[in-house]
Each structure stands twice: as structure tokens, then as C-alpha cells.
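Just so you know, the numbering used here puts 123 at position 131 of the sequence shown, and the rest follows in order with no gaps.
Cβ atoms here follow ideal geometry from the backbone N, Cα and C, with glycine treated the same way.
For reference, the structure is listed below as C-alpha cells.
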Amino acid sequence: IIKAVKNSLEDSDICVTIGGISLGVRDLCWRTLSKHPESIPIARGLRIQPGRATSIVVFSKKPVVMLPGHVQSTICGTIYILIPLIYYMSGLSARKILPTIPAEIGEDIVVKEYKSFKRIRFVKLVKQKEKFIANLLMGDSSMLSPILKSDGFIEIPEGVERIEKGSHVDVHILSWSQLLQTFLKES
């Protein structure tokens, strides 16, 4: 791991690992990198679910972002840590990266786990007259299908266990082409 990170940072301003970051015995990247003498641990985990194992160290004066291997966790770590870091390192303003549109929740959502975290849930938008309805797409953080079928995601704030059908939410639109256009426009 150390050799791969060093090689990556010779030609890059940032190193990103995917996988090998977890809670428990599979936590290889964090355990290896955070204890190395050239490393300064910055953040161990996020209060976001999925994506809570996402971590950062500075290694040889450059950031190393460690993303979990489960695809939904990888996406969340990318959206909440990696992309803002790239914006910052590029001298661009920190702001909302993904466009949002208002919608109504199409069904009651009950989320009791990770109550002290911001919870991310992928949704499919359905146009209904003059408004959008956001329908929840369920699936474990290892599942790709909720991301592929989704138009975006909603954030369930810390402490909230229930969102009633008909509640108004902002849907963060997952449009990688839009994200790239926004980045290029500001560069």
C-alpha cells in the first residue's frame, strides 16, 4: 500500500484509494497509512451513511483520500470529500456541487439506523403535473442498481427518523456530465 501511494503521488497532486477501508479487519489502508511516519491523519470516517468509512491522510505533503469499496459508499465519499477537495485544490469556490430540484416524497420513509449521521438515499423522480415525486430506491451500499436507476439522492438529516409522504425535499441530481461542465466552466 505504501509503495503504491508513493508511486501515485510522484506524478499526482492527490491519491485516491478505493477499497481496503472499513471498520474492522479489512481496514488495511487506514491502518497502514495513518501509522506511517510520513503520514498525518486528517479524518477517520464521516458522519454520512453510506460512506462513513471514508478517510483522509496527508502523505508526503499531499492528500490521500481513502474511499470504501461498496459502490454507494464510494459515490458518497466522492461527492462529499473528493470533489470538494479537488475544487479547493483548484482554487475554485466551495459551494453546492450538484444541482438540486424540489420534489415531494412519494412514500413514508423510516430510517432509524445511524440516527446521528446524515443518511443518503437514492431516488427516482416521476413528473406529476407541475411537480416531481421522489420515489425511494432501496438497496444495500454494495448494490449498483439503486444508483443506476436513480435520478439523484436526498439527504436525511441527523436526528430525523421519519419523512412523511408528501414532504418537500431537495433532490441532488446525479449528472456527471453536469458536474464536469460546472467544473470546466469555473476553471
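Exercise. Rounded to whole angstroms, what's the CA-CA distance from Leu84 to Phe51? Just pull it up for me.
Key: As a position in the sequence shown, residue 84 is number 92, starting the count at 1. As a position in the sequence shown, residue 51 is number 59, starting the count at 1. Cα-Cα distance, rounded: 23 angstroms.
Exercise. State the DSSP-derived secondary structure class of Met81, mapped to helix, strand or coil.
Key: Residue 81 sits at position 89 when you count from the first residue of the sequence shown. Residue state, collapsed to three classes: helix.
Quiz item: If you draw a straight line from the alpha carbon of Gly131 to that of Ser137, how long is it in whole angstroms?
Solution: Against the sequence shown, residue 131 aligns to sequence position 139. Against the sequence shown, residue 137 aligns to sequence position 145. Taking the straight line from one Cα to the other gives about 8 angstroms.
Exercise. Leaving aside the five residues before and after Ile112 along the sequence, list all residues of the same chain whose C-beta is less than 8 angstroms from its C-beta, in chain order.
Key: Start at 1 with the first residue of the sequence shown, and residue 112 comes out as number 120. Excluding positions up to five away in sequence, the list reads Ile40, Gln41, Pro42, Gly43, Gln64, Cys68, Phe145, Ile146, Glu147 and Ile148.
Practice problem: Check each candidate in Pro76, Glu99 and Pro94 and name the one with the smallest Cα separation from Lys88. | Solution: Sequence index remark: in the sequence shown, residue 88 carries index 96 (1-based). Closest by alpha carbon: Pro76.
Self-check item: Cβ neighbour criterion (16 or more within 10 Å) applied to Ile71
Solution: As a working mapping, residue 71 is identified with position 79 in the sequence shown. That one is buried.
Quiz item: Below 8 angstroms between beta carbons: does that hold for Leu128 and Val115?
Solution: In the sequence shown, residue 128 corresponds to position 136, counting from 1. In the sequence shown, residue 115 corresponds to position 123, counting from 1. For Leu128 and Val115, yes; Cβs fall inside 8 angstroms.
Exercise. Measure the Cβ-Cβ separation of Ile34 and Val49 and say whether it is below 8 angstroms.
Key: Residue numbering aside, residue 34 sits at position 42 when the sequence shown is read from its first letter. Residue numbering aside, residue 49 sits at position 57 when the sequence shown is read from its first letter. In terms of Cβ geometry, Ile34 and Val49 form a close pair [threshold 8 angstroms].
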